[in-house]
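Right, one structure below, let's go through it.
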Amino acid sequence: MRYLPYVAIALASSLLSASVVLRLAAPISVDPPHAVTRPPLKVENQNGHLLIWGGWETTKGYEAPGTNAVEIRCDQASARCTEAYASILHHTEGEDLEAQVFDYVVQNWTENEMLAVAGQAMGCLDRRLIVDLVAQQARLEWSPSAEAGCEGDIGAAVLGGDPL
33 MRYLPYVAIA LASSLLSASV VLRLAAPISV DPPHAVTRPP LKVENQNGHL LIWGGWETTK
93 GYEAPGTNAV EIRCDQASAR CTEAYASILH HTEGEDLEAQ VFDYVVQNWT ENEMLAVAGQ
153 AMGCLDRRLI VDLVAQQARL EWSPSAEAGC EGDIGAAVLG GDPL
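First residue of the sequence shown? That's 33 in our numbering, and the numbers climb one at a time after it.
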């Protein structure tokens, strides 16, 4: 009976050591994956200033992985638009965040529609932003620039958003 405390200590030590080794060899993640919420769909046109929120949903061409969000601001007086684009990609090693800015030149702005082009914004691809101001919807098209004489992906996306 005088060996019983030694056996109990040895057993407890081996259980503790085994659990530590197993935890280090195959860690268990207790954090659930992050939920990503895109901005709500918003197309607001006031006094020559256009504000657009949402995220692009690819309808044609290559669909980039992950979830994206955009904020687009246009000014009628300067005939310019700026798109801030961010995309987050979840994978087994963690998350990656990509951010880009695209500058557009407004080609046409009426009370019904606005068309802006970002020439060679994606390598040699042009981005065309078409906003239906009446229906408050936006779409994006990309294709090789006629000026660059290059080949590339042709695609399109529509603006979507998550509810608040």
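Built from N, CA and C at the ideal position, the CB exists for glycine as well.
None of the values given here were measured: they were computed from a predicted structure.
Name the one or two DSSP bridge partners that P176 has. L157
What's the gap between the Cα of H81 and the Cα of L121? 32 Å
Go through its chain and collect everything with a Cβ distance to F134's Cβ below 7 Å, but skip five positions before and after it. E115, Y117, A150, A153 and R159
Taking the straight line between their C-alpha atoms, what separation do you get for H123 and L129? As the crow flies, the alpha-carbon of H123 is around 11 Å from that of L129.
Determine the closest residue to R112 out of Y136, A131 and G126, with distance taken between C-alpha atoms. Y136
On the CB-based measure, 16 or more other CB atoms within 10 Å of its CB, does R105 come out buried or exposed? exposed
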